[in-house]
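In our numbering, the protein residues as written are 5 to 236.
Pasting the structure below:
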């Protein structure tokens, strides 16, 4: 509606209310010492949280009560310049960023690669989300996978030593690249045919976008479960 508040303004109002509610709590329970915010977190839509609150790093927000009153990305309003049929995949990227940052902030590198009860590690799921998003976006563009992408696929099952920050930075880079592709899409092309893999299995542009979104959230859920088990 002309003259109405923008989604960004609405988000900032919610943040302000949340921190006002916490004022008395924080006065008697001083927050932990601030730490520099990793560069990859600056890309998050909610990066202005730390400016409004004095919290230096977004990953500290999970320690502050009332943050659950803030809406999930898909409830934060339209994304400027993005058609509504394309916005859901961008909400998915943002939701995954925030959830994974929240549930990995206290994990050590060893915990990131632990396999409790033989399940996949947190590190595997984050690495797989990044790699699969890159591969599926390649198919969406009508191209075949490169030798480098195939090598990365084969390496996904190999345990690494990276910590949460490094893995999440890689994930953010994959999402940022995918976002650029999505923003350039013409909604009129959503029904166009696309083909996946060496067998050239048939799908469409919207079919790929839908699968990318549900596949990401499936692995985010598994990563969260793995993170909880690894920290026991």
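For glycine and all other residues, C-beta sits at the position ideal for the given N, C-alpha and C.
Values in this document were obtained by computation on a predicted structure and should not be read as measured data.
Own chain partners of residue i with C-beta closer than 7 Å, once the 5 adjacent residues on each side are dropped
| i | result |
| --- | --- |
| residue 113 | 165, 166 and 167 |
Proximity to residue i [Cα-Cα], best of the options
| i | options | result |
| --- | --- | --- |
| residue 195 | 182, 78, 90 and 83 | 90 |
| residue 171 | 127, 107 and 83 | 127 |
| residue 152 | 78, 212 and 160 | 160 |
| residue 148 | 134, 222, 184 and 203 | 203 |
| residue 105 | 228, 191 and 78 | 228 |
| residue 146 | 76, 185, 98 and 122 | 185 |
| residue 236 | 121, 98 and 174 | 121 |
| residue 76 | 173, 88, 98 and 84 | 98 |
| residue 169 | 182, 201, 154 and 130 | 130 |
| residue 213 | 182, 150 and 226 | 182 |
| residue 200 | 190, 191 and 215 | 215 |
Extent of the continuous alpha helix (DSSP H) to which residue i belongs
| i | result |
| --- | --- |
| residue 200 | Premise fails: residue 200 lies in the beta strand (DSSP E), 197–200, not in any alpha helix (DSSP H). |
| residue 145 | It is not in any alpha helix (DSSP H) - residue 145 carries neither H nor E in the DSSP assignment. |
| residue 97 | 91–108 |
| residue 236 | Neither: residue 236 is in no alpha helix (DSSP H) and is coded neither H nor E. |
| residue 149 | From DSSP, residue 149 is part of no alpha helix (DSSP H); its letter is neither H nor E. |
| residue 169 | 168–187 |
| residue 114 | 113–116 |
Whether residue i touches residue j by CB criterion (8 Å)
| i | j | result |
| --- | --- | --- |
| residue 139 | residue 157 | yes |
| residue 207 | residue 193 | no |
| residue 178 | residue 137 | yes |
| residue 231 | residue 108 | yes |
| residue 249 | residue 144 | Residue 249 lies beyond the range of the chain shown here (5 to 236); nothing can be said about it. |
| residue 174 | residue 134 | yes |
Residues that DSSP places opposite residue i in a beta bridge
| i | result |
| --- | --- |
| residue 208 | 197 |
Neighbourhood of residue i by C-beta, 6 Å cutoff - its chain only, sequence neighbours within 5 removed
| i | result |
| --- | --- |
| residue 100 | 220 and 224 |
| residue 119 | 125 |
| residue 103 | 224 |
| residue 163 | 117 |
| residue 32 | Note that residue 32 scores a pLDDT of 44, beneath 50, so its modelled location is shaky; the value from the coordinates is reported in the next line. Closer than 6 Å at Cβ, skipping near neighbours: no residue. |
Cβ neighbours of residue i in the same chain (closer than 8 Å, five flanking residues each side left out)
| i | result |
| --- | --- |
| residue 217 | 92, 93 and 96 |
| residue 88 | 82 |
| residue 222 | none |
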